[in-house]
Amino acid sequence: MAQPRPSSFDDLVAEGDSVPTEGWDFSWFEGRATEARPSWGYARSLADRLAGATAALDVQTGGGEVLDFALGTAAPHRPPLVVATEGWAPNVAEATRRLRPRGVPVVDSADDAPLPFADGAFDLVVSRHPVEPHWDDIARVLAPGGTYFAQHVGPASVFELIEYFLGPLPEASHRHRRPEDERAAAEAAGLEVADLRAERLRMEFHDVGAVVHFLRKVVWMVPGFTVEAYRDRLRELHERIGAVGPFVAHSARHLFDVRKPEPGRGRAS
1 MAQPRPSSFD
11 DLVAEGDSVP
21 TEGWDFSWFE
31 GRATEARPSW
41 GYARSLADRL
51 AGATAALDVQ
61 TGGGEVLDFA
71 LGTAAPHRPP
81 LVVATEGWAP
91 NVAEATRRLR
101 PRGVPVVDSA
111 DDAPLPFADG
121 AFDLVVSRHP
131 VEPHWDDIAR
141 VLAPGGTYFA
151 QHVGPASVFE
161 LIEYFLGPLP
171 EASHRHRRPE
181 DERAAAEAAG
191 LEVADLRAER
201 LRMEFHDVGA
211 VVHFLRKVVW
221 MVPGFTVEAY
231 RDRLRELHER
241 IGAVGPFVAH
251 SARHLFDVRK
261 PEPGRGRAS
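If you read the sequence shown in full-length UniProt numbering, its first letter stands for residue 1, the second for the next number, and so on.
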């Protein structure tokens, strides 16, 4: 028989503070937090792209969950060569454990470091929620005619929750990661944007333990977050959820389908 979930503030916070945070498996949140998914279905679309590639690179793979799913769906038509990078040590270990059985090496590479691969090495580069897209480096490792297919985090994502803890953020923070700015940067790197879609998606946190675990897992949301530092705000949030229901925020996502022109072919107008 399943054990009942804790309901007191102290028990909920203690649980959220103890759950392991490695990888990007969010199954622990089931029944405790929800996030609507983008209409384009990135993981399944990625599987289709992998099925048509010969050499693929997954940048900042996290714990390898999305790539693992996509490769399983794309089999037996997966590319002969698939490589992943990751820069956070706990995720490197998790991704290696998950992807090694699929024959995918995971390269330990810092998020802000140049990609450690030769020019034109891949006809498909993918990424789900990169910290920052380094367009010049993406263009460099793509073969002519190759594709960058990625889902990015958009502007002011989950800011309702962030500003609950940090207070109002500067206007410039709300403009960071705008898809139109990233489009301009991709084009400046010599790439063609074939498709760009953006959506804002409803999120709900049903208990304060889910908030604690989320902020421990997605560490850049509230830098330096600890239960001790924010206990008073967490208690207020617990009482608010009890009085009015789930805490609602909105994530921002956009999908990039970008191509590197082949020699002798000008950029599309």
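Glycine included, each C-beta is placed from N, C-alpha and C at the ideal position.
Remember, predicted model here, so these are calculated numbers, not experimental data.
Mind reading off the beta-carbon distance from E199 to P38? Whole number of angstroms is fine, and I expect it under 8 Å. 5 Å
Tell me where the beta strand (DSSP E) around D257 begins and ends. 247 to 259
For V83 and R233, I'd like the C-alpha separation in whole angstroms. 42 Å
Alpha helix (DSSP H) containing L81: first to last residue? No alpha helix (DSSP H) holds L81; the beta strand (DSSP E) holding it covers 81 to 86.
Just to confirm before moving on: does the CB-CB distance between V106 and V126 stay below 8 Å? no
Residues near D11 in its chain [Cβ-Cβ closer than 7 Å; skip 5 each side]: none
Check this for me: beta carbons of R178 and P155, under 8 Å apart or not? yes
Environment of L124 [buried if 16+ CB atoms lie within 10 Å]: buried
For the beta strand (DSSP E) that contains G146, what are its first and last residues? 142 to 153
Within the continuous alpha helix (DSSP H) that includes S173, where are the two ends? 171 to 175
What residues in its chain sit with their C-beta under 8 Å from that of P130, if we drop five residues either side in the sequence? V59, Q60, D111, A150, H152
With the cut-off set at 8 Å, would you say R78 and L67 are in Cβ contact? no
Sub-8 Å separation of L114 and D137 beta-carbons: The residue asked about is misnamed: residue 114 is Pro in this sequence, not Leu. Yes, the pair counts as a contact, with Cβ atoms nearer than the cut-off.
Which residue wins for smallest C-alpha separation from A249, given the options A229, G190, R231, Y164? Y164
So what's M1 in DSSP terms, helix, strand or just coil? Because M1 carries a pLDDT of 42, less than 50, the predicted location of this residue cannot be relied on, and no value is offered for it.
Proximal residues to H213 (C-beta, below 7 Å), its chain only, five neighbours per side dropped: G16, V19, W28
Determine whether the beta carbon atoms of E35 and L201 lie at a separation below 8 Å. yes
How would you call L169, buried or exposed, if buried means at least 16 neighbouring beta carbons within 10 angstroms? exposed
Which value, in whole angstroms, describes the spacing of the CA atoms of R197 and F159? 20 Å
How about T147 and D257: do their beta carbons lie closer than 8 Å? yes
Rounded straight-line distance, which links the Cα of E65 to that of V13: 27 Å
Of the listed residues R102, G63, R98, nearest to residue 281 (C-alpha basis): Absent from the model: residue 281. The displayed extent of the chain is 1 to 269, so no value can be given.
CA nearest to the CA of G52, picked from G41, M203, P80: P80
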